[in-house]
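Data block below; observations after.
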Amino acid sequence: MSALLTFIFVVGVIAVSLALPGVRRRLISDRALSAFRRLMPPMSQTERDALDAGTVWWDGELFSGRPDWDRLLAMPVPTLTVEEQRFLDEDVETLCGMVTEWETTNVYGDLPPRVWQFIKDRGFLGMIIPKEFGGLGFSAFAHSQVITKLSTRSSTVAVTVLVPNSLGPGELLRNYGTDAQKRFYLPRLARGADVPCFALTNPNAGSDAASIPDFGIVCHGEHEGRRVVGLRLTWEKRYITLGPVATLLGLAFRAFDPDHLLGAEEDLGITCALIPTSHPGVVIGRRHMPLNAAFQNGPNSGRDVFIPLDWVIGGQPMIGRGWRMLMECLAAGRGISLPSSNTGMAKLVVRTTGGYARIRKQFKTPIGRFEGIEEPLARMGGNLYVMDATRILTAAAVDLGEKPAVLSSIAKLHLT
1 MSALLTFIFV VGVIAVSLAL PGVRRRLISD RALSAFRRLM PPMSQTERDA
51 LDAGTVWWDG ELFSGRPDWD RLLAMPVPTL TVEEQRFLDE DVETLCGMVT
101 EWETTNVYGD LPPRVWQFIK DRGFLGMIIP KEFGGLGFSA FAHSQVITKL
151 STRSSTVAVT VLVPNSLGPG ELLRNYGTDA QKRFYLPRLA RGADVPCFAL
201 TNPNAGSDAA SIPDFGIVCH GEHEGRRVVG LRLTWEKRYI TLGPVATLLG
251 LAFRAFDPDH LLGAEEDLGI TCALIPTSHP GVVIGRRHMP LNAAFQNGPN
301 SGRDVFIPLD WVIGGQPMIG RGWRMLMECL AAGRGISLPS SNTGMAKLVV
351 RTTGGYARIR KQFKTPIGRF EGIEEPLARM GGNLYVMDAT RILTAAAVDL
401 GEKPAVLSSI AKLHLT
């Protein structure tokens, strides 16, 4: 009996002690965290840049444990301007009527030339480019609405339009380009004179983009008859959307300065540059056909391709700043284009599934009235509502001037 009482007493003392935050932290938490720190590799500057990039918006409330819902409800509801609504009602509807996904995939294997031309002529490739440079200057919400609508008709059209309006040359130039780069390239991108792609993914580096092995060496070289300081690039990229038809290649690589032509540092970091695909040494590989999808996708590569420093996005001061640039601009792709395209496709799936459940009958009753069909249809509708709300909320954050890196990552994870 005494042994049992002793056991109960000891357990009670331990339980009471662990209930005290200071004691629990000293005996358990601190030691556990120390053990975890020894197991984890040190944080690189690239990883630190990824964590520091972007801003914390209302989404930070979700991690507080006590979200301020009144603050969320007080925010303005996203709306379209008259011009944006007209574009959606007229140009987007016209484009949707010009294509059928079955024909695009199984007959042409690509968008017909007249569709490509319509996309360029009506400014679909320049939705995010400011009006002063010939673009449409649409809000993030309008951009999202357009991609969502196109995705209900044709994923090929949606992907073709979303890529130039996502993370790529247009977005990076708009935020970091020199004045000369903006004046030259943005009008060309807006009217479709240049079709862009952005080459980030390497055969051995996809999600772990910070480990890309593609590199550029700072050196002297010849450009337009003059000897200048530039970068000699070697790269191999894969799965680059619009790559086979692009005329302007945005390239991510790691820059090195072994001869210290620019300063004391040798490993300068990830850098982004713009290269015309007609430039000597640029190789556009054979087109990929992922899942037999008709949107343009393929590899590209180059070996010892010399470019001047002026071709670095933002010029020489932005050498080594590429990873932070990418992290800060990812909201356009992660938070708007990709969630919008998948929400649009989900709307199509829910509509066709619900419609089929109404016309397909068994026992003289539409199968949609059977509980085994009603329940999954209800779940589909509920999940679609959540997807659409997430899409709209993320676009609203961007329009309010935020760069919601965490919210965009959550949207991409759960909506794509």
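This note's numbering puts the first residue of the sequence shown at 1, with every later residue one more than the last. Using N, Cα and C, we set each Cβ at its ideal position, and we do this for glycine too. No experiment lies behind these values; they were computed from the predicted model shown.
Shown here, HIS143 sits in a helix according to DSSP, grouped into three states. The region 135 to 149 and the region 99 to 106 do not touch, with fewer than 3 CB-CB distances between them shorter than 8 Å.
By the criterion of at least three beta-carbon pairs nearer than 8 Å, the region 239 to 256 is in contact with the region 282 to 290. Residue pairing of ARG254 in beta bridges, as defined by DSSP: PHE215, ILE270. The region 98 to 156 is shown to contain whole alpha helix (DSSP H) runs of 4 or more residues at 113 to 121, 140 to 151, in chain order. Setting aside the 5 residues that flank it on each side, ALA35 has no residue in the same chain whose C-beta is closer than 7 Å to its C-beta. Rounded to the nearest whole angstrom, the CA to CA distance from ALA205 to ALA378 is 39 Å. The region 250 to 260 and the region 210 to 217 touch, with no fewer than 3 CB-CB distances between them shorter than 8 Å. Taken through DSSP and simplified to helix, strand or coil, GLN181 comes out as helix. Here PRO196 carries a strand assignment [DSSP, helix/strand/coil]. PRO276 and LEU309 do not touch by the CB rule: their CB atoms are close to 16 Å apart, not below 8 Å.
Judged by DSSP secondary structure, TRP69 falls within the alpha helix (DSSP H) whose first and last residues are 69 to 73.
Here DSSP, grouped into helix, strand and coil, assigns GLN296 to coil. The count of Cβ pairs closer than 8 Å, one atom from the region 120 to 140 and one from the region 316 to 330, stays below three, leaving the stretches out of contact. Residue range 30 to 39 is occupied by the alpha helix (DSSP H) that includes ARG38. Ranked by Cα distance from GLY263, the first of ILE319, ALA246, GLU371, ASP91 is ILE319. Just measuring C-alpha positions, the residue of GLY355, VAL305, ARG254, ARG183 sitting nearest GLY322 is ARG254. Residue range 226 to 241 is occupied by the beta strand (DSSP E) that includes LEU231. By the neighbour-count criterion, in which 16 or more other beta carbons inside 10 Å mark a residue as buried, GLN181 falls on the buried side. About 4 Å separates the Cβ atoms of LEU415 and PRO339, confirming a contact at the 8 Å cut-off. Residue burial annotation: LYS403 is buried, with at least 16 other C-beta atoms found within 10 angstroms of its C-beta. Collapsing the DSSP output to three states places VAL92 in a helix. When DSSP states are grouped into helix, strand and coil, SER2 belongs to the helix group. Around the beta carbon of PRO169, a 10 Å sphere encloses 16 or more other beta carbons of the protein chains shown; the residue is thus reported as buried.
Under the DSSP definition of a beta bridge, LEU249 partners with CYS197, ILE275.
For GLY368, there is no enclosing alpha helix (DSSP H), as DSSP marks it with neither H nor E. If you ignore the 5 residues before and after GLY123, its C-beta comes within less than 6 Å of the C-beta of LEU136, all in its own chain and listed in chain order. Closest option to PRO78, judged by alpha-carbon separation, among SER301, PHE370, ASP399: ASP399. Beyond the five residues adjoining it in sequence on each side, ARG334 comes within less than 7 Å, by CB distance, of SER408, SER409, ALA411, LYS412 in the same chain, given in chain order. Relative to the Cα of ALA193, the nearest Cα in the group ASN297, ALA346, PHE295, LEU125 belongs to LEU125. In this structure, ILE284 lies away from ASN297, with their beta-carbon atoms at least 7 Å apart. Judged by beta-carbon spacing, LEU186 lies beyond the 7 Å limit of LEU172, meaning their Cβ atoms are not closer than that value. Inter-residue distance for THR390 and LEU162 is about 18 Å (C-alpha atoms, whole angstroms). Between VAL312 and LEU233 the beta-carbon gap is near 11 Å, outside 8 Å, which marks them as no contact.
Contact annotation, THR394 with ILE307: C-beta distance approximately 35 Å; criterion of less than 8 Å not satisfied. With a 10 Å radius around the Cβ and a threshold of 16 neighbouring Cβ atoms, THR160 comes out buried.
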